[in-house]
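Numbering (the numbering used here), first residue to last: 618 to 745.
Every residue, glycine too, gets a C-beta built ideally from N, C-alpha and C.
For reference, the structure is listed below as structure tokens.
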């Protein structure tokens with residue numbers, strides 16, 4: 618039962634992160650792309666960049682875990698996201714990457730109340 622709540626909270630965080638990106642002028646290309654290394658949360662683009670986003674969602678005031686969602690994205694997760702991004706790129710014969718655009722790795726932290734209400738959404742561009 619607890620795992621179901623964690624999964625539901627993660628999906629809500631991804632929904633909110635996607636809405637945030639769309640509102641900021643990004644075009645979301647893919648969500649939950651599965652690779653042998655795991656699942657890439659969001660792939661988006663802007664004219665200047667193809668962006669791979671890792672989304673972390675936490676409930677405020679939890680007794681365990683990091684104090685903020687972005688602090689939960691450590692070196693191992695960063696390596697994993699890079700591997701998944703390489704697989705995403707390899708799976709495309711012509712990636713949706715504008716000419717001259719850079720690759721970017723962003724992190725989006727979503728903080729919720731225990732009731733599931735949004736407290737904060739923090740988007741860190743070029744996070745890693």
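N-terminal and C-terminal residue of the alpha helix (DSSP H) that residue i is part of
{"i": "residue 706", "result": "692–707"}
Residue i burial status per 10 Å Cβ neighbour count (16 or more: buried)
{"i": "residue 675", "result": "buried"}
{"i": "residue 662", "result": "buried"}
{"i": "residue 690", "result": "buried"}
{"i": "residue 721", "result": "buried"}
{"i": "residue 692", "result": "exposed"}
{"i": "residue 671", "result": "buried"}
{"i": "residue 687", "result": "buried"}
Contact under 9 angstroms by Cβ, residue i with residue j
{"i": "residue 673", "j": "residue 726", "result": "yes"}
{"i": "residue 738", "j": "residue 634", "result": "yes"}
{"i": "residue 638", "j": "residue 659", "result": "yes"}
{"i": "residue 678", "j": "residue 731", "result": "yes"}
{"i": "residue 729", "j": "residue 624", "result": "no"}
{"i": "residue 654", "j": "residue 706", "result": "no"}
Cβ-Cβ separation, residue j to residue i (assumed contact under 8 angstroms), whole Å
{"i": "residue 746", "j": "residue 744", "result": "No information on residue 746 is available, as it lies outside the stretch 618 to 745 that the chain covers here."}
{"i": "residue 644", "j": "residue 631", "result": "The Cβ separation is near 16 angstroms, so there is no contact."}
{"i": "residue 718", "j": "residue 664", "result": "7 angstroms"}
Opening and closing residue of the beta strand (DSSP E) in which residue i lies
{"i": "residue 650", "result": "644–652"}
{"i": "residue 739", "result": "735–741"}
{"i": "residue 722", "result": "719–729"}
### Query
Taking the runs of the beta strand (DSSP E) that are 3 residues or longer, which of them lie wholly in the region 654–686?
Every unbroken stretch of the beta strand (DSSP E) spanning 3 or more residues and falling wholly within the region 654–686 is given here in chain order: 655–663 and 666–676.
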